[in-house]
Amino acid sequence: MDLKPLFEPQSMAVFGVSASNYRHPANEIFNKNLLRYPVRVYGINPRGGTINGQPIYRSIAEVPERIDLAVIAVRADFVPEVMTACIGAKVRSAAVISGGFTEVGRQDLQDRIVAIAKEASFPFVGPNCLGIYVPSLVDTFFLPGERMVKPAVGNVSFVSQSGGILVDQIIKFTGEGVGFAKAVSIGNKAMLGETDILDYLTADPATKVIAFYIEGFGEKEGREFVLKAGKCGKPVVVIKSGKSPEGGKAVSSHTASLAGDYDSFSAALSQHGIVEAANELELVSFCESLSKYAKPIEGRVGIVTVSGGHGAMAVDACTSRGIAIPPLPEDVREELRKYLSPSVQDIAALTNPIDLTGSGIDEDFVATARIFCSREDIDCVLALLLPYVPGVTSDLGAKLSSVARPCGMPLIAYVPNVEKYAMLIEGFELNGAPVSPSIEGAVLMVEALRRKRP
Amino acid sequence: MIGSRPEMLRIIEEARSDGWVLEPAAKRLFSLAGFSVPRFTLALTPEEALVFAHEIGYPVVAKIVSPLIIHKSDVGGVAVGIAADARLAETFRRFEALEGFRGVLVEEMISGVELILGAKNDLQFGPMILLGMGGTGVEIYRDVVLKMAPLTEKEAPVMYRGLKARRLLEGYRGAEPADLGKLAQTLLLFSSLVMELEGQIESIDINPLLCSSRDCVVADARIILGK
Chain H
1 MDLKPLFEPQ
11 SMAVFGVSAS
21 NYRHPANEIF
31 NKNLLRYPVR
41 VYGINPRGGT
51 INGQPIYRSI
61 AEVPERIDLA
71 VIAVRADFVP
81 EVMTACIGAK
91 VRSAAVISGG
101 FTEVGRQDLQ
111 DRIVAIAKEA
121 SFPFVGPNCL
131 GIYVPSLVDT
141 FFLPGERMVK
151 PAVGNVSFVS
161 QSGGILVDQI
171 IKFTGEGVGF
181 AKAVSIGNKA
191 MLGETDILDY
201 LTADPATKVI
211 AFYIEGFGEK
221 EGREFVLKAG
231 KCGKPVVVIK
241 SGKSPEGGKA
251 VSSHTASLAG
261 DYDSFSAALS
271 QHGIVEAANE
281 LELVSFCESL
291 SKYAKPIEGR
301 VGIVTVSGGH
311 GAMAVDACTS
321 RGIAIPPLPE
331 DVREELRKYL
341 SPSVQDIAAL
351 TNPIDLTGSG
361 IDEDFVATAR
371 IFCSREDIDC
381 VLALLLPYVP
391 GVTSDLGAKL
401 SSVARPCGMP
411 LIAYVPNVEK
421 YAMLIEGFEL
431 NGAPVSPSIE
441 GAVLMVEALR
451 RKRP
Chain F
455 MIGSRPEMLR
465 IIEEARSDGW
475 VLEPAAKRLF
485 SLAGFSVPRF
495 TLALTPEEAL
505 VFAHEIGYPV
515 VAKIVSPLII
525 HKSDVGGVAV
535 GIAADARLAE
545 TFRRFEALEG
555 FRGVLVEEMI
565 SGVELILGAK
575 NDLQFGPMIL
585 LGMGGTGVEI
595 YRDVVLKMAP
605 LTEKEAPVMY
615 RGLKARRLLE
625 GYRGAEPADL
635 GKLAQTLLLF
645 SSLVMELEGQ
655 IESIDINPLL
665 CSSRDCVVAD
675 ARIILGK
C-alpha cells in the first residue's frame, strides 16, 4: 500500500465540517489547512453551506478533483458509509479521527471499517486518533493552530499510539530545537500499525530518526516490528508505557514470571539494536543526538568545562552508563597547556575532564577540542558551558563546531536552557551540534550514539 | 531431533490432560531432543526405588511426581544426597502422602553451577529464551538474560556473558570453569526445540540446568502446555 498520499497529500477532503457549529473539530482541521498549508482542501457535509467563504460539498462525488487524503471526523456510526463513498470516489487514503470504536467496546464497528478498507486496499490511520502532521505540508490535528507550537522542519519522525503524548512531545521536542519530518497518531491502529508506518518511514528520505510511543502490540506484532526495525538502517527509538505487570495474573513457571510482558518487550528491542528510552528526557536526548550524528561511537568522551563540579557530575553520569573518560597523558597535557591563554595556563586542571576554570575563554575551549580531536582514544567531545562566565561568548558553538566537524568527532553541549542564553544555544544547534539543558541529558546524547548500531 | 519428533509430540499429547509435562516425561523429551539428562527412573514402589539406587549407586536424589505439584520444593518434595536404603524408603513413604502422588523420580546426583534455562511463548514477541542463575531463588535474584528465539550462534554466548553469574561459570575463586562451549551448544539446541514446539507450549523451565567442566545437564524440567 502506498502511504505517500497519506503523508504528503496534495488534495484533502474534510468530512463533517459544519456551517453552523464553528467549534466542530472538522472545522478546525479545514480552516488550518485552508489558511496555513499548501494542500488543497475541500469541506464535505450533506447539508452543504459554506465555511470560511468556501463552499461545503454535499458529497465526495461532487469534489472537482481526486483526493489524496480524506479526514473523517464524523460520528462513528457514519464512518463505514463515508469510507465506502471515499473508495467509490477513488480517494487514495484516510485518517479516521472519530472515536467510538474498540476503545468503547465497538469491535464490530471497527471490524466493519477494516473489512471495507482491506477489500479495496485503502490505507487509513486510526480510528480514534489525531492523524497526520507534516510541518509546512499538512496538519489533521483538530487543535487550534494558535494553541500549538510551530515545530521546525527536521528529520525526526514520530509515531504514537496516543495523540496526547504525540502533541506533548512535539511541544517538548520543539522546545529543545528538534524538528520533525513526519508525525502521526495511529490511535486504535485498526489497519495501519507501527510496522506499516515503519516501512514507509524507512523509505522516506526526509526521515533520519524514527521514534515511537508504544502501549502494546497485538499477537506476534512485536516480533515483526523488531525484526524490521533492526534492519531498517535508521535509528529507531521507542518509549513504552504500561510496563507494570498485571496484578493477580497467575504464573505457573519461573520463566513466565521472570519474562513478563515488559521484560520480553525490552529484551526483544535491545536484541535488535532498537534504542529504548526509559523516560521523556532520554527520548528527546536520544532523538536529538541521533538526528545530528549518523556515525556510531564507542563512547570515550573528552569533557571540557569551566566548572569542576560540572565535570564531576558528568563523570558520574558517564561512568554509570559505561562511558569512558580516558585521561590525557602527561605529555599531551603539557602540549595543551602551551595553547591555553595565560590566565588559565597555571590553574586549569587538564586530566579529563578539562576544567578551564572561570577564567577560561572561547579560545581555550577551541585549543582543548583540537587536542581531543588529535586523540585516538577519544571519540566524542562533551562541552559543559556556563554562559555567565565572562570569557564564554555566543560564538563558541560556531568555533567549537568548526574544529570538531572536520575531524569527524561528535560535539555535544550542555547549556542551561533559559531565554537569555538562546544565542549561545543556537550557535551550537545551527552548526549541527545538539545541546541539552541538563548534564544528564548531554550524557544521554553521548549514550545514544554509543548504542546505535550502523 | 527430526526423527524423534513424533515421539516428542506423543509425550506432549499424553500430558495434555494434566496441562503440563511432568518431570519424568519432560526429561524423556529433552533426552530425545539431544540434551544430557541424569540417569533416572520413575519408581512406583519403594522396592523399585531401591533397586535403581543400587544399580546406579548412592548418593541419589528423590523427587515427588504429581500433576498437582508444580513447585516440588515448596511442599518438601525434593530430597538430595540420599545415601542409604532406609533413608530412600522413608522418603518414598513421605512422598506417597503428598497430593496427586504418581510415583517417585530417583536419579543420580549431579554437580555444577545451577542455571535456569527457560522459554516463554510471548503474545507480542513469540518464543523467548531465558537464561539465568538457577535454583529455588531465581525469582529473588532475577539474574537473567532474555532473548527472542531463535538464537543465532553469536547470540548464545552473549546470553551468559550478560549474567552476574558469569563469573561463577568462568571459574570463580579457584573453581573449575564450566564448559562454556557446551553451554552455548545447549542454548542453541534449546532454541531450536522451542521453535519446533512453539505451537504447543506456554512456557518451559529447565531449573536447574547443571553446568560443570564436563557437561550441561537437565537436572529438572517442566513444560507448561498452551491452552
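Going line by line, the protein sequences match chains H and F.
All residue numbers for the first sequence refer to my numbering, where the first residue is 1 and numbers rise by one.
All residue numbers for the second sequence refer to my numbering, where the first residue is 455 and numbers rise by one.
Quick reminder that beta carbons are idealized off the backbone N, C-alpha and C, glycines included.
Every value quoted in this text rests on a predicted model; they were computed, and no experiment measured them.
- Rounded to whole angstroms, the gap between the alpha carbons of P296 (chain H) and D355 (chain H) is 27 Å.
- At a beta-carbon threshold of 7 Å, none of the residues of chain F lie near K231 (chain H); the nearest stands roughly 14 Å away.
- Using a CB distance below 7 Å, no part of the stretch 188-199 of chain H faces chain F.
- With a beta-carbon spacing of about 11 Å, Q345 (chain H) and R333 (chain H) fall beyond the 8 Å limit used to define contacts.
- The stretch 122-199 of chain H is shown to contain whole beta strand (DSSP E) runs of 3 or more residues at 131-134, 153-160, 180-185, in chain order.
- The C-beta separation of V226 (chain H) from I186 (chain H) comes to about 17 Å, leaving the pair out of contact by the 8 Å criterion.
- At least one CB of chain H lies nearer than 7 Å to the CB of M602 (chain F).
- Among the residues facing chain H, F579 (chain F) is included, as its CB has a counterpart in that chain under 7 Å away.
- Listed along the chain, the chain H residues whose CB falls inside 7 Å of the CB of A573 (chain F) are T255.
- The residue among H:Q110, H:T174, H:V184 with its C-alpha nearest the C-alpha of L130 (chain H) is H:V184.
- Residue range 93-96 is occupied by the beta strand (DSSP E) that includes A94 (chain H), with no alpha helix (DSSP H) assigned at that position.
- Pairing T174 (chain H) with G164 (chain H), the inter-Cα distance amounts to about 15 Å.
- Here Q107 (chain H) is exposed, its C-beta having fewer than 16 other C-beta atoms within 10 Å.
- M587 (chain F) counts as buried, since no fewer than 16 other beta carbons sit within 10 angstroms of its beta carbon.
- Within chain H, the residues S253, T255, A256 have their CB atoms less than 7 Å from the CB of S657 (chain F), given in chain order.
- By the CB criterion at 7 Å, I87 (chain H) and F122 (chain H) fall inside the cutoff.
- By the Cβ-count criterion, K292 (chain H) is buried, with 16 or more other Cβ atoms from all chains shown falling within 10 Å of its own Cβ.
- Following the DSSP letters along the chain, one finds E561 (chain F) inside the beta strand (DSSP E) bounded by residues 558-562.
- Bounds of the beta strand (DSSP E) holding Q54 (chain H) are 54-57.
- For E609 (chain F), same chain residues with a beta-carbon under 7 Å away, outside a window of 5 residues either side, are K601 in chain order.
- By the Cβ neighbour-count rule, H254 (chain H) is buried, with 16 or more other Cβ atoms within 10 Å of its own.
- Chain H places no beta carbon closer than 7 Å to that of E652 (chain F), leaving this residue out of the contacts.
- For the set H:L201, H:R23, H:C407, the Cα lying nearest the Cα of C373 (chain H) is the one of H:C407.
- Sequence-distant partners of V567 (chain F) (beyond 5 residues in either direction) whose C-beta falls short of 6 Å from its own C-beta, in its chain, are L622, L623, A632, C665.
- The three-state reading of DSSP puts A89 (chain H) in coil, since its state is none of H, G, I, E or B.
- Contact between the stretch 108-121 of chain H and the stretch 142-155 of chain H is absent: fewer than 3 CB-CB pairs across the two stretches fall below 8 Å.
- By the Cβ-count criterion, E477 (chain F) is buried, with 16 or more other Cβ atoms from all chains shown falling within 10 Å of its own Cβ.
- Within its own chain, the residues whose Cβ lies closer than 6 Å to the Cβ of R321 (chain H), once the five positions on either side in sequence are excluded, are E447, listed in chain order.
- At a cut-off of 7 Å between C-beta atoms, K4 (chain H) does not count as an interface residue with respect to chain F.
- When beta bridges are read from the DSSP output, M602 (chain F) appears opposite F:M582.
- Scanning F:I583, F:S657, F:L605, F:I570 for the CA closest to the CA of T590 (chain F) turns up F:I570.
- In chain order, T305, V306, V392, L396, A413, Y414, V415, L424 place their CB closer than 8 Å to the CB of L385 (chain H), counting only its own chain and leaving out the 5 sequence neighbours on each side.
- Annotation: the continuous alpha helix (DSSP H) that includes F428 (chain H) extends over 422-429.
- Here E280 (chain H) carries a helix assignment [DSSP, helix/strand/coil].
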